[in-house]
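Residue numbers (full-length UniProt numbering), protein chains in the order written: chain A, 1 to 335; chain B, 1 to 514.
C-beta: ideal position from N, C-alpha, C; glycine also.
Report on the following structure.
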């Protein structure tokens with residue numbers, strides 16, 4: 001009855017609102033923030049400020065793309081902030097230890113980068129195996145590993161700060177501060193990760209399987225989806241993206257301490273939710289996550305540039321936005 | 001089309017407790033109910049029947065305060081009322097018992113019965129009084145379930161009884177039952193029928209819906225038929241035969257519910273299963289399946305049929321020998337089963353079959369996604385597959401992108417069938433294909449099954465509906481308590497033989513090779 005379907009399609013479509021608030025909401029919020037920013041400070045759209053905001057967004061952004069997959073498949077990872085700090089610490093220790101043998105040059109940095117990815121892989125694998133094999137709630141597992149990673153970095157730094165060898169630091173600096181065609185590396189990496197994430201989410205079986213598992217694990221299981229394997233993969237991917245974000249982060253300050261990456265997990269989760277991904281899983285949108293990250297960072301940026309509201313209230317404003325985003329999701333569901 | 005209701009003909013004394021006058025309901029631009037007059041009287045069972053999508057659910061929801069009518073009025077004791085919510089309707093003594101139960105799964109039976117209306121002594125819960133009251137209610141309902149048991153752990157019929165106990169504890173004047181027997185065995189249904197009769201005698205007004213017309217004929221004092229959102233007829237007991245009801249529902253004659261059976265061509269079996277066991281559910285089961293055959297699996301609910309099939313396709317750990325087209329195989333996962341050409345169509349389309357929140361396209365291709373591109377999914381090919389499925393299985397949806405949870409049960413089942421067939425299996429295991437769907441769609445699904453068999457696919461049909469097994473299968477395996485009680489074929493495929501085997505009244509030699 002193909003014709004019955006198509007004929008009934010016409011009138012129904014016409015009655016639907018022309019814009020879907022759920023889709024366009026985050027974009028409207030982003031546009032509004034940009035307008036507010038321009039009105040409050042003429043330097044807002046300057047090259048320097050835009051680059052600054054985007055580069056700062058990159059760390060959380062790269063992690064949030066991975067978080068989108070985890071949340072879409074019905075999971076959660078609270079450990080990413082501590083994991084980033086822990087990986088940063090290990091990476092610095094590895095590089096410092098290798099300076100005497102390899103010299104303070106690119107070989108050391110490349111080994112350090114590889115180490116960051118391997119540690120990220122292992123951390124994600126650990127989380128994922130506990131969740132899928134030992135069948136412990138993701139919330140509990142990652143709450144636990146959050147504490148473990150945070151404690152380990154504090155211990156490694158002996159309560160203080162781990163500093164990267166100064167010569168290595170000079171060589172490594174361009175990875176954060178440099179770039180090509182005036183676009184800094186963190187922004188490029190973020191862009192590549194985001195585009196790849198969007199394609200994987202929307203156009204591959206993996207993305208489809210994540211959404212299927214998040215909407216109903218049983219249905220996925222009965223449709224020959226390897227539920228455990230896919231969920232494990234989401235945590236491993238997230239772990240490696242945390243490693244990647246750390247690679248971009250370490251050259252910025254050249255150090256790691258127990259204060260590194262604090263509350264990153266909340267910002268990453270918030271960005272995912274603001275972007276329209278459903279917290280309970282089943283629907284994910286990588287481009288939305290990117291918009292969510294930008295919204296959160298723009299708020300901070302605007303507060304820093306203007307003196308209308310104290311920058312100390314940044315957290316409060318972000319909190320309001322997160323709650324609002326979820327309220328909007330709820331309303332869409334109720335309709 | 002709206003014929004006047006044969007109002008009050010059956011019982012001129014009683015005034016309606018709850019009535020609808022000229023009620024219509026639209027969802028956005030789509031009208032689903034037109035100008036309905038309907039009433040329920042104290043001490044009567046009023047059956048409401050119609051195909052899926054005829055508007056029964058909407059009508060029930062309007063009566064129970066879940067939905068407001070867009071036109072017309074709801075009358076309680078003759079006075080117009082507007083229920084702000086289902087809670088308010090419950091407050092006034094109108095309770096809807098959902099097909100998918102409204103119970104808090106992690107709470108105990110007793111806590112559920114008194115949920116929101118806990119008995120208290122001062123500010124504290126009166127546990128003893130609630131326990132005693134719960135026990136008394138459950139005893140009345142002949143349900144030997146422990147009030148302290150957690151609802152998630154009790155069986156489906158027990159949950160149903162808990163729902164009814166909950167309604168009774170609220171002193172319901174009107175009970176609206178949405179297909180209560182869809183999930184019950186015959187024996188369990190009998191208990192329910194006794195309760196319904198008891199409630200009727202006590203003066204409760206009962207709205208009863210079911211797809212099982214024999215139940216309707218037996219229970220109902222009046223029957224109302226809906227079709228396409230319109231009132232077709234309301235008739236007193238005995239005025240409509242079961243055939244007449246079916247015809248009024250469908251609007252056409254249903255002379256051939258089942259297509260003619262086709263005996264499979266002789267040849268080696270495509271599937272041979274020997275001493276197959278699924279721990280705790282099925283023990284030492286052996287059977288064969290021929291090309292183009294429809295092999296029925298009958299038995300009581302809980303006899304291990306579903307678990308056996310799930311073991312066969314790798315969803316449960318199992319042991320035993322499985323031979324596919326002469327080659328021994330080991331199937332450890334659904335993916336391996338799919339590659340071996342076996343597909344399993346689950347009995348639970350809502351919880352295991354379909355992603356209710358997603359549209360048709362991702363649902364259709366989920367099982368066979370590997371066929372739509374190796375890395376990137378080919379959306380155009382998916383759309384073409386959906387076009388084909390919609391045409392081939394006559395799936396009727398208002399738009400292509402509505403969540404499949406909004407489709408009627410029949411259309412969901414057709415979509416599930418299309419999804420399964422997209423994996424191009426040679427052997428299809430279909431578990432309860434017509435549970436909770438209307439008679440017109442049933443007929444279509446029987447036609448599909450027969451066509452698949454005629455096209456050379458082999459089909460295992462698991463069903464608790466005796467008529468279905470008898471009407472479709474050329475051989476029937478009867479299971480009892482996890483074991484194969486017997487295999488019947490030819491003239492032996494009749495209700496008497498199958499029931500006797502299923503109940504363990506008759507032992508029959510199990511065929512070795514069919």
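- Per DSSP, the beta-bridge partners of residue 46 of chain B are B:207, B:222.
- Residues of the segment 330-347 of chain B that bring their beta carbon within less than 8 Å of a beta carbon in chain A comprise 333, 334, 335, 337, 338, 344, 346, in sequence order.
- Note on residue 374 of chain B: under 16 other CB atoms within 10 angstroms of its CB, so exposed under the neighbour-count rule.
- For residue 318 of chain A, not one C-beta of chain B is nearer than 8 Å to its own C-beta.
- With fewer than 16 other Cβ atoms inside 10 Å of its own Cβ, residue 310 of chain A counts as exposed.
- Neighbours of residue 375 of chain B in chain A, taken as residues at a C-beta separation under 7 Å, are given in chain order as 204.
- At least one beta carbon of chain A lies nearer than 8 Å to the beta carbon of residue 358 of chain B.
- In the three-state reduction of the DSSP assignment, residue 59 of chain A falls in the helix class, which pools H, G and I.
- Straight through space, the alpha carbons of residue 223 of chain A and residue 453 of chain B are spaced by roughly 23 Å.
- For residue 304 of chain A, no CB of chain B lies under 8 Å from its own CB, so it is not counted at the interface with that chain.
- Per the coordinates, the alpha-carbon of residue 94 of chain B lies some 12 Å from the alpha-carbon of residue 19 of chain B.
- Taking CB atoms only, residue 208 of chain A has a neighbour in chain B less than 8 Å away.
- Interface criterion met: the Cβ of residue 282 of chain A is under 8 Å from a Cβ in chain B.
- Distance check between residue 379 of chain B and each of A:177, A:205, A:84, A:169 places A:205 closest, using alpha-carbon atoms only.
- Nearest in C-alpha terms to residue 66 of chain B, of all of B:345, B:367, B:87, B:140, is B:87.
- Close CB contacts of residue 303 of chain B within its chain, under the 8 Å cut and outside five residues either way in sequence, are with 479, 480, 481, 482, 502 (chain order).
- If you look at residue 387 of chain B, you'll find it in the alpha helix (DSSP H) that goes 379-393.
- Fully enclosed alpha helix (DSSP H) runs of no fewer than 4 residues occupy 156-169 of the segment 143-181 of chain B, in order along the chain.
- For the pair residue 405 of chain B and residue 436 of chain B, the CB atoms are not nearer than the 8 Å cut-off.
- A straight-line Cα-Cα distance of about 18 Å links residue 109 of chain B and residue 192 of chain B.
- For residue 367 of chain B, a Cβ of chain A is located within less than 8 Å of the residue's own Cβ.
- The DSSP assignment places complete beta strand (DSSP E) segments of no fewer than 3 residues inside the segment 36-95 of chain B at 45-49, 71-76, 79-81, in order along the chain.
- In this structure, residue 105 of chain B keeps its C-beta atom at 8 Å or more from the C-beta atom of residue 149 of chain B.
- For the segment 280-296 of chain B, there are no residues whose beta carbon sits under 7 Å from a beta carbon of chain A.
- Taking a beta-carbon distance threshold of 8 Å, residue 167 of chain A does not count as an interface residue toward chain B.
- In this structure, DSSP gives residue 205 of chain A a helical state, which the three-state scheme calls helix.
- At a cut-off of 8 Å between beta carbons, residue 318 of chain B makes no contact with chain A.
- Look at the beta carbons and you see the segment 163-172 of chain A not touching the segment 235-248 of chain A: under three pairs across the two are nearer than 8 Å.
- The residues 142, in chain order, have a CB closer than 8 Å to that of residue 194 of chain B in the same chain once the five nearest residues on each side in sequence are set aside.
- Around residue 102 of chain A, the same chain offers 108, 111 as residues with beta carbons nearer than 8 Å, after the five sequence neighbours per side are excluded.
- Pairing residue 329 of chain B with residue 343 of chain B gives a Cβ-Cβ distance that is not under 8 Å.
- Only buried fits residue 337 of chain B, as 16 or more other CB atoms lie within 10 angstroms of its CB.
- Cβ-Cβ separation between residue 418 of chain B and residue 383 of chain B: approximately 14 Å, too far for a contact (criterion under 8 Å).
- Annotation: the continuous beta strand (DSSP E) that includes residue 274 of chain B extends over 271-278.
- If you compare the alpha carbons of B:223, B:50, B:75 with that of residue 62 of chain B, the shortest gap goes to B:75.
- Unbroken beta strand (DSSP E) stretches of 3 residues or longer found wholly inside the segment 195-263 of chain A: 255-257, given in chain order.
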